[in-house]
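Novice: Each residue of the sequence shown is one higher than the one before, starting from 8 at the first, in this note's numbering.
C-beta: ideal position from N, C-alpha, C; glycine also.
These numbers were taken from a predicted model, which means no experiment stands behind them.
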Amino acid sequence: MPLTREGTGVREFSVPATMEAETVQQVREIPRPVNKANALVGSTEIGLLYKFNTSSSAADDGYFVLQPDDTTWTGRWEVIRLDGETGINVKWYGATGDGVTDDTAALQLAFDAVTAGTCVYFPAGTYVHVAELSITSVNDFSIKSCFATLFSSATGVAISGQGGIKLTSCSDFSVSQLIIDGNRANRPDAETSNHLLHFVSCSNGKVNQVTLQNSVTDGTYMGATDPTDAATFGRDLLYMDCIVDNSYRNGMTAVNVRGLAVKSSVFKNTIGTAPQAGIDLEPNPGSADPGVLGVSISGCQFYDNAGFGIQISDDVEGIKITDNSFQTCDLGGVLINGENIVVSHNSFSNFDNATRGIIDIAADAGNLGILIDGNTIADCPLVGTNYGIYTHGSSGGKAQIRNNIISDLTGTGINVNAASDIVIGNVISDTTSTGIKMSGVDSLAANNIVDTCGTIGFWVTAARVYVQNNVCIDIPNATAGYYLIQAADASVIGNQARASVSQAGHVAYRFDNDPLLCALNNADNIGTSNTYFYNGGITLGFVGFNNGGTQVAPTLISSQIRVAANIFLEGGGNLVNGQNGPQLIAGSGTPESVVSAGIGSLFQRTDGGASTTLYVKESGVGNTGWIAK
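1. Return the residue from the list 85, 62, 60 that minimises the CA-CA distance to residue 72.
2. Which of the three DSSP states is assigned to residue 3 in this structure?
3. Measuring straight from C-alpha to C-alpha, what distance separates residue 574 and residue 612?
4. Could you pull out every residue in the same chain whose Cβ sits closer than 7 angstroms to the Cβ of residue 34, ignoring the five residues on either side in sequence?
5. Look up residue 100 in the DSSP assignment and say whether it is helix, strand or coil.
6. Among 633, 168, 179, 75, whose alpha-carbon lies nearest the alpha-carbon of residue 225?
7. Residue 452 by DSSP, collapsed to three states: which one?
8. Would you mind listing the beta strand (DSSP E) stretches within the segment 174-220 that are 3+ residues and don't spill past its ends, in chain order?
9. Use the C-beta contact count for residue 106: other C-beta atoms within 10 angstroms, 16 or more gives buried, fewer gives exposed.
10. Output the boundary residues of the beta strand (DSSP E) element that contains residue 610.
11. By DSSP's criteria, residue 338 is part of a beta bridge. Which residues make up the other side?
12. For residue 352, list the residues DSSP reports as bridge partners.
13. Whose CA, out of 364, 626, 194, lies closest to the CA of residue 138?
14. In angstroms with no decimal places, state the Cα-to-Cα distance between residue 510 and residue 374.
15. What span of residues does the beta strand (DSSP E) with residue 133 cover, start to end?
16. Please return the same chain residues whose Cβ sits closer than 6 angstroms to the Cβ of residue 478, not counting the five positions on each side in sequence.
17. Leaving aside the five residues before and after residue 185 along the sequence, list all residues of the same chain whose C-beta is less than 6 angstroms from its C-beta, in chain order.
18. Around the Cβ of residue 80, are there at least 16 other Cβ atoms within 10 angstroms (buried) or fewer (exposed)?
19. Exposed or buried, residue 75, counting other C-beta atoms within 10 Å across all chains shown (16 or more means buried)?
20. Look up residue 444 in the DSSP assignment and give the residues it is bridged to.
21. Closest to residue 371 by CA distance: which of 360, 363, 344, 635 is it?
22. Would you grab the beta carbon distance between residue 488 and residue 460 for me? Rounded to a whole angstrom, and I think it's under 8 angstroms.
23. Taking its Cβ as the centre, do 16 or more other Cβ atoms sit within 10 Å of residue 636, making it buried, or is it exposed?
24. Using CA coordinates, which residue listed in 208, 416, 520, 633 is at the minimum distance from residue 620?
25. Check for me: the alpha helix (DSSP H) holding residue 514 runs from which residue to which?
26. Run through the DSSP bridge pairs and tell me what residue 633 is partnered with.
27. Do the segment 326-337 and the segment 286-306 make contact, defined as three or more Cβ pairs closer than 8 angstroms?
28. Which value, in whole angstroms, describes the spacing of the CA atoms of residue 257 and residue 77?
29. Beta-carbon within less than 6 angstroms of residue 99's beta-carbon, same chain only, minus the 5 sequence neighbours each way: which residues are those?
30. Rounded to whole angstroms, what's the CA-CA distance from residue 221 to residue 96? Just pull it up for me.
31. Count the other CB atoms within 10 Å of the CB of residue 32; is the residue buried (16 or more) or exposed (fewer)?
32. Compute the Euclidean distance between the alpha carbons of residue 178 and residue 145, then round it to the nearest angstrom.
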């Protein structure tokens, strides 16, 4: 029958049935070939193809070279080297892959044989080991299988070194199509070096289609031989199409690395000891700064981790988190520390808990250059006081939060507490609390849409906040205001407040402190009998139409207040010019003895005729002194 080696480049040979063997010993027992030079035999035990070499007298090593049991004829069975490649089959060194036998020594012998250009191959099976398998200072090699399992059976105390595979000072390598199982259910968890993949000062490496499961520490750990020397850091590592499941501490920990790409992988069910993140970018204290630089994470899934999906710690720079999916991580989606961090076009859903924000910029003055752009946060029944996007007051500030969509959230959509944060172009709908809260001085909220959020559309509690060109629609419980301004020197310009149904007690714009500028805002159908501008005891001067409620007396209390052209859509009402100044008033009937206004005011009579359409207030301080023109 034909005997082939798929994908090896070896041509097909016709071999009699007697030239097949299940074990190495059966190869030795094969009768003397009639045509020795062309004799071939395949061993299913170790997955090798042998050819008979009539001139060889090499010693039998049990794997590469086999001496026939029939000593009456010379020659040896030798493993065919395929296409000039140097392949190492772990079974050549005695590994069984039977799931029972301890293969540690045989596997390490195979790893010790690795040189440049070598491929270490695991045939199908489960290879039990009790110690970490290591390769040191070798370049240009690969480790692969057809999804064989490397299984740790180490029991008792979880001492350092009982991990999976450890590579030190290696480059230009790959690990692919392998399952590494830490056997966590039968081993003690510990923060010792028992990682399933452990890279120390490695560069130009690729991990592809690898499953890392049940680690007693981390799924993958990336460090350096000398954390104080950036020249020893791992560099240019690629991690793609992998699955990391049920790690004790983190799915992946990057401690010292410059250049890492993580693509199309899954990080789930991390639980045990902090941080419990899917991915943790966290340099150790004393590492050369930055400890982690230049990481991209894209197209990955993070769910059911007891910590954050991704946690970024201090001394980390240049991180891009794009096009990932986050669900049900207990502390939140992404925790951000560091500089030049981009979180863009990710989806976050089904969070029922968060420390503060599902996207959380933490308390560190060094958190600078943060961009949160184009993300979607939806269907998150958060418990407690939590937020969709949060910036801590002690962060570096100047974060840009742009073009995010937040909907169906229990809590506040966006809460910025740091100075000079920028909130632009976001859409927030159906939150149970505030749409956008601005608690950082000198911050900007512009061109946002807040729709059907529970209590307040925009809530300003810090000085010198700019609220410009926003739209706020249908706030169900807006007695505190569609726009609630509780800090001094706010600029509220060009905003809209709209309601589908006018409701008693609702307020469009409420000011509890003197604004710097209030201009060109409008309100449509907000309240049935209350003022559109409510001041909580502070009297504001403004120019505008106020329909549907009582006009607050236009008394200017501060020379710093500059208010102009606030517009309300229902029509009618008064246009007021300055402190107790002239008003432009419209209504039916004569204003004489009816309408109170200052001298110089104008009254436009809607039912007047010749000489009774326009009245001028020429004298008096009350409702008299109106003269028809």
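Specialist: A quick look at the data gives this:
1. Here the closest residue by C-alpha is 85.
2. In this structure the chain extends from 8 to 636, so residue 3 is not present and cannot be described.
3. Here the model assigns residue 574 a pLDDT of 43, short of 50, so the residue's position is not dependable and the matter cannot be decided.
4. Closer than 7 angstroms at the Cβ level, and outside the excluded window around residue 34, lie 28, 48, 50, 57, 73, 84.
5. Helix at residue 100.
6. The option with the nearest alpha carbon to residue 225 is 168.
7. Three-state result, residue 452: strand.
8. Look at the segment 174-220 and you find these whole runs of beta strand (DSSP E), each 3 residues long or longer: 178-188, 204-207, 210-215, 218-220.
9. Residue 106 is exposed by the Cβ-count criterion.
10. Residue 610 -> beta strand (DSSP E) spans 609-612.
11. Answer by DSSP bridge pairing: none, since residue 338 is not bridged.
12. According to DSSP, residue 352 bridges with nothing at all.
13. Considering only alpha carbons, the answer is 194.
14. Near 43 angstroms, if we compare the C-alpha coordinates of residue 374 and residue 510.
15. Unbroken beta strand (DSSP E) run through residue 133: 133-136.
16. Here the set comprises 456, 503.
17. Result list for residue 185: 152, 217, in chain order.
18. With fewer than 16 neighbouring CB atoms inside 10 Å of its own CB, residue 80 falls in the exposed class.
19. Buried, by the Cβ-count rule.
20. DSSP output for residue 444 lists 422, 466 as bridge partner(s).
21. It is 344.
22. Contact between residue 488 and residue 460 is ruled out by a C-beta separation of about 12 angstroms, above the 8 angstroms threshold.
23. Classification for residue 636: exposed.
24. Considering only alpha carbons, the answer is 633.
25. Per DSSP, residue 514 belongs to no alpha helix (DSSP H) and is neither H nor E.
26. By DSSP's assignment, residue 633 forms a beta bridge with 624.
27. Result yes; three or more Cβ-Cβ pairs closer than 8 angstroms.
28. Taking the straight line from one Cα to the other gives about 57 angstroms.
29. Excluding five sequence positions before and after residue 99, the CB atoms of its chain that fall closer than 6 angstroms to its own CB belong to 70, given in chain order.
30. Approximately 26 angstroms between the Cα atoms of the pair.
31. The residue is exposed, with fewer than 16 neighbouring Cβ atoms inside 10 Å.
32. The C-alpha of residue 145 is placed about 7 angstroms away from the C-alpha of residue 178.
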